[in-house]
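A.B. asks: Before I ask anything, here is the structure I am working with.
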Amino acid sequence: MLDLQGFGPALLEGTWMTIRLSLASVALGLLLGLLGASAKISGNPLLRGVGGFYTSVVRGIPETLWVLLAYYGTTSIFNYLGSFFGNPYLTLSPFIAGTMALGLCFGAYATEVFRGALLAIPNGQKEAGLALGMSGPRIFWRITLPQLWRVALPGLGNLYLILLKDTALVSLISLEEIMRKAQVASNATKEPFTFYFTAAMIYLGLTVIIMAALHVFERRANRGFVRTEL
Amino acid sequence: MVARFLPALLDGMLVTLELVAVAIVVGLILAIPLGIARASRHWYVRALPYIYVFFFRGTPLLLQLFLVYYGISQFEAVRESIFWHYLREPYWCALITMTLHTAAYIAEILRGAIQSVPGGEVEAARALGMSRRQALQYIILPRAVRIGLPAYGNEVILMLKASAVVYTITVMDIMGVVKGINSQTYQFELFYLVAGVIYLVITIAFTQLFKLVERWLKIEASQKR
Numbered sequence: 001m002l003d004l005q006g007f008g009p010a011l012l013e014g015t016w017m018t019i020r021l022s023l024a025s026v027a028l029g030l031l032l033g034l035l036g037a038s039a040k041i042s043g044n045p046l047l048r049g050v051g052g053f054y055t056s057v058v059r060g061i062p063e064t065l066w067v068l069l070a071y072y073g074t075t076s077i078f079n080y081l082g083s084f085f086g087n088p089y090l091t092l093s094p095f096i097a098g099t100m101a102l103g104l105c106f107g108a109y110a111t112e113v114f115r116g117a118l119l120a121i122p123n124g125q126k127e128a129g130l131a132l133g134m135s136g137p138r139i140f141w142r143i144t145l146p147q148l149w150r151v152a153l154p155g156l157g158n159l160y161l162i163l164l165k166d167t168a169l170v171s172l173i174s175l176e177e178i179m180r181k182a183q184v185a186s187n188a189t190k191e192p193f194t195f196y197f198t199a200a201m202i203y204l205g206l207t208v209i210i211m212a213a214l215h216v217f218e219r220r221a222n223r224g225f226v227r228t229e230l
Numbered sequence: 231m232v233a234r235f236l237p238a239l240l241d242g243m244l245v246t247l248e249l250v251a252v253a254i255v256v257g258l259i260l261a262i263p264l265g266i267a268r269a270s271r272h273w274y275v276r277a278l279p280y281i282y283v284f285f286f287r288g289t290p291l292l293l294q295l296f297l298v299y300y301g302i303s304q305f306e307a308v309r310e311s312i313f314w315h316y317l318r319e320p321y322w323c324a325l326i327t328m329t330l331h332t333a334a335y336i337a338e339i340l341r342g343a344i345q346s347v348p349g350g351e352v353e354a355a356r357a358l359g360m361s362r363r364q365a366l367q368y369i370i371l372p373r374a375v376r377i378g379l380p381a382y383g384n385e386v387i388l389m390l391k392a393s394a395v396v397y398t399i400t401v402m403d404i405m406g407v408v409k410g411i412n413s414q415t416y417q418f419e420l421f422y423l424v425a426g427v428i429y430l431v432i433t434i435a436f437t438q439l440f441k442l443v444e445r446w447l448k449i450e451a452s453q454k455r
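Keeping their order, the protein sequence lines are chains A and B. For the first sequence, my numbering begins at 1 and goes up steadily by one. For the second sequence, my numbering begins at 231 and goes up steadily by one.
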């Protein structure tokens, strides 16, 4: 049943690639988001400026364009780097370019989520940590981060669902993910509806799984907290 | 170099703006009944719009675009119908897909807005003898519009950025024009950056415009309860 004229396994491979791409992008994006948020709430005006520039420029330009810029736009930079290191044909792989582009975009939105969450943690807790003799990094790791996670999780979950759909854009630079596999299969079989519709169902299936996982994460992160109900 | 292609880029910009403008206006019109139905007390009224919204919010716009442009032609009934005249045109396919896509998002915004109208206000309307329909028409919807407007503004900007995929079915929007220029000049870095600046300028202009509208309508004051 799931054979789909022999293209079933290919679609599965594509699904796995989509999952890997989305996870790699989230990892990069979370890092950029934490850095961005710390920069934006820091006392240093230069850092605040850099953070503001990052979020407004990245969020003002389409994800599609970031993907193309990361792949085609960096050609001459990489050719130059390549000839410097003795490999004139050096280019970014579609996977790395896609991860960079999607991570960059995720990071810009995550910056805002983290910023809101950081501001939601009372300053007294950091002061208490200092009073107990904890170092800055330890306060961040033991006090700030666990609470940050709890407050930021719903926002980050939404961003991950958006990112999952944006991974389809990386098919434009020929990464063999679901969208690209569906394209290849429909060109070969002349049954575009069948394959694009199957791909749509796969995205919906992944969405459902992610939503269920987020629900579990949120319950875990909220242990001991009473939810405000209206 | 860039100056030579300015007229073409301007044309592309107009195509992008036109697509987005039509999609967000027609999408809003489609979304009003969908959003109201989504907020219904009856599950059988909620069910169909839910499936619609789930499908369009859960799949990538690029995929929806290909489903409409390439996918539908798989069925002979479509190729022989009177709609084929439009459905084989990339421009119309882009417009139809974008409209259906954004309608799903706007319907969700509207549902959220309707559900966050304070319950006391609805009760007050009912206590004054308004029917359910009157309460919806005079109290709930006007209130929901103000609550939902900031989110609608965001959706317009997201749609503007999402529209950058329509070049893949040969629509000559900003990206379509840039793709054409790139295949002539091979200046990928330069013209992708130019496209980026164009999008950035449009999004900033839209953001400011929505801020103005919100100030005119005194949205912030109306949010206080």
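Positions of the beta carbon are idealized from the N, C-alpha and C atoms, including for glycine.
Taking 8 Å as the cut-off, is the CB of Ile262 of chain B close to at least one heavy atom of the ligand SAM?
C.D. replies: For the structure depicted, the ligand SAM is absent and the ligand set is empty, with no information on it obtainable.
A.B. asks: Closer than 7 Å by beta-carbon distance: list the chain B residues that pair up with Ser76 of chain A, in chain order.
C.D. replies: In the first sequence, the residue the question calls residue 76 of chain A occupies position 76. Glu419, listed in chain order.
A.B. asks: Check this for me: beta carbons of Leu153 of chain A and Met100 of chain A, under 9 Å apart or not?
C.D. replies: Within the first sequence, residue 153 of chain A is the residue found at index 153, counting from 1. Within the first sequence, residue 100 of chain A is the residue found at index 100, counting from 1. At least 9 Å separates the beta-carbon of Leu153 of chain A from that of Met100 of chain A.
A.B. asks: Excluding the 5 residues flanking Met1 of chain A on each side, which residues of the same chain have their C-beta closer than 6 Å to its C-beta?
C.D. replies: Counted from its first residue, the first sequence places residue 1 of chain A at position 1. For Met1 of chain A, the predicted structure reports a pLDDT of 49, less than 50, and the residue's modelled location is therefore unreliable. The matter cannot be settled from this model.
A.B. asks: Please list, in chain order, the residues of the stretch 122-153 of chain A that have any C-beta partner in chain B closer than 9 Å.
C.D. replies: none
A.B. asks: Mind checking if Glu112 of chain A is an interface residue toward chain B, Cβ cutoff 9 Å exclusive?
C.D. replies: Within the first sequence, numbered from 1, the residue matching residue 112 of chain A stands at position 112. No, no contact with chain B.
A.B. asks: For Gln438 of chain B, I'd like the list of residues in its chain whose CB is within less than 7 Å of its CB, leaving aside the five on either flank, ordered along the chain.
C.D. replies: Position 208 of the second sequence holds residue 438 of chain B. Non-local beta-carbon contacts of Gln438 of chain B in its own chain, meaning distances under 7 Å to residues more than five positions away in sequence, are absent.
A.B. asks: Mind listing the chain B neighbours of Ile61 of chain A? Cutoff is C-beta to C-beta under 7 Å, in chain order.
C.D. replies: Counting from one through the first sequence, the residue named residue 61 of chain A turns up at place 61. Those within 7 Å of Ile61 of chain A in chain B are Gly426, Tyr429 and Leu430.
A.B. asks: Output yes if chain A places a C-beta closer than 9 Å to the C-beta of Ala357 of chain B; else output no.
C.D. replies: Locating residue 357 of chain B in the second sequence gives position 127, counting from the first residue. No, its Cβ sits nowhere closer than 9 Å to a Cβ of chain A.
A.B. asks: Closest to Ile19 of chain A by C-alpha separation, out of A:Arg227, A:Arg223, A:Gly205 and A:Asn222, would be which residue?
C.D. replies: As a position in the first sequence, residue 19 of chain A is number 19, starting the count at 1. Between Ile19 of chain A and the set A:Arg227, A:Arg223, A:Gly205 and A:Asn222, the nearest pair of CA atoms involves A:Gly205.
A.B. asks: Residue range of the alpha helix (DSSP H) that Thr332 of chain B falls in?
C.D. replies: What you label residue 332 of chain B is simply residue 102 of the second sequence in a count that begins at 1. That run of the alpha helix (DSSP H) goes Pro320 to Gln345.
A.B. asks: Tell me the DSSP secondary structure of Pro122 of chain A in three-state form.
C.D. replies: By one-based count along the first sequence, residue 122 of chain A stands at place 122. Residue state, collapsed to three classes: coil.
A.B. asks: Output yes if chain B places a C-beta closer than 9 Å to the C-beta of Leu11 of chain A; else output no.
C.D. replies: Here residue 11 of chain A is taken as the residue at index 11 of the first sequence, counted from 1. Answer no: the Cβ-Cβ gap between Leu11 of chain A and chain B never drops below 9 Å.
A.B. asks: Thinking C-alpha only, which one of B:Met389, B:Leu325 and B:Val424 is nearest Ile404 of chain B?
C.D. replies: Along the second sequence, read from residue 1 onward, the residue named residue 404 of chain B stands at position 174. The shortest Cα separation from Ile404 of chain B among B:Met389, B:Leu325 and B:Val424 belongs to B:Val424.
A.B. asks: Find the nearest neighbour of Thr384 of chain B within the set B:Arg373, B:Ile254 and B:Thr327, judged by alpha-carbon distance.
C.D. replies: Against the second sequence, residue 384 of chain B aligns to sequence position 154. Position check: residue 384 of chain B holds Asn in this sequence, whereas Thr was assumed. Among B:Arg373, B:Ile254 and B:Thr327, the Cα nearest to that of Asn384 of chain B belongs to B:Ile254.
A.B. asks: From the beta carbon of Ala221 of chain A, is the nearest beta carbon of chain B less than 9 Å away?
C.D. replies: The sequence position of residue 221 of chain A within the first sequence is 221, counting from 1. No, because no Cβ of chain B sits closer than 9 Å to the Cβ of Ala221 of chain A.
A.B. asks: List, in chain order, every chain B residue whose beta-carbon is nearer than 8 Å to that of Tyr80 of chain A.
C.D. replies: Walking along the first sequence from the start, residue 80 of chain A turns up at place 80. The premise fails here: Tyr80 of chain A is roughly 12 Å from chain B at the closest Cβ pair, so nothing lies under 8 Å.
A.B. asks: I believe Tyr422 of chain B touches Tyr72 of chain A by the beta-carbon criterion, under 8 Å. Please report the beta-carbon distance rounded to the nearest angstrom.
C.D. replies: As a working note, residue 422 of chain B is residue 192 in the second sequence. As a working note, residue 72 of chain A is residue 72 in the first sequence. Sure, about 7 Å apart at Cβ, within 8 Å.
A.B. asks: Quick one: which chain B residues come within Cβ less than 8 Å of Gly73 of chain A?
C.D. replies: Translated into the one-based positions of the first sequence, residue 73 of chain A becomes position 73. The answer, in chain order, is Phe418, Glu419, Tyr422 and Leu423.
A.B. asks: Quick one: does Ser171 of chain A have its CB under 9 Å from some CB of chain B?
C.D. replies: Position 171 of the first sequence holds residue 171 of chain A. Interface residue, yes.
A.B. asks: Looking at the secondary structure, which residues open and close the alpha helix (DSSP H) in which Asn412 of chain B lies?
C.D. replies: To locate residue 412 of chain B, count along the second sequence from 1; it is residue 182. Asn412 of chain B -> alpha helix (DSSP H) spans Ile404 to Thr415.
A.B. asks: Have a look at B:Gly257, B:Gly426 and B:Ile411 and flag the residue whose alpha-carbon is nearest the alpha-carbon of Thr332 of chain B.
C.D. replies: In the second sequence, counting from the first residue as 1, residue 332 of chain B sits at position 102. For Thr332 of chain B, the nearest C-alpha among the options comes from B:Gly257.
A.B. asks: Where do the N-terminal and C-terminal ends of the alpha helix (DSSP H) with Lys190 of chain A fall, by residue?
C.D. replies: If you number the first sequence from 1, residue 190 of chain A lands on position 190. Unbroken run through Lys190 of chain A: none, as it is neither H nor E.
A.B. asks: For the stretch 309-328 of chain B, enumerate the residues whose C-beta is nearer than 7 Å to any C-beta of chain A, in chain order.
C.D. replies: Listed by position, the residues of the stretch 309-328 of chain B near chain A (Cβ gap below 7 Å) amount to none.
A.B. asks: Show which residues of chain B have a CB atom less than 7 Å away from the CB atom of Thr207 of chain A.
C.D. replies: To locate residue 207 of chain A, count along the first sequence from 1; it is residue 207. Ordered by position in chain B, the residues that pass the 7 Å Cβ test against Thr207 of chain A are Gly288.
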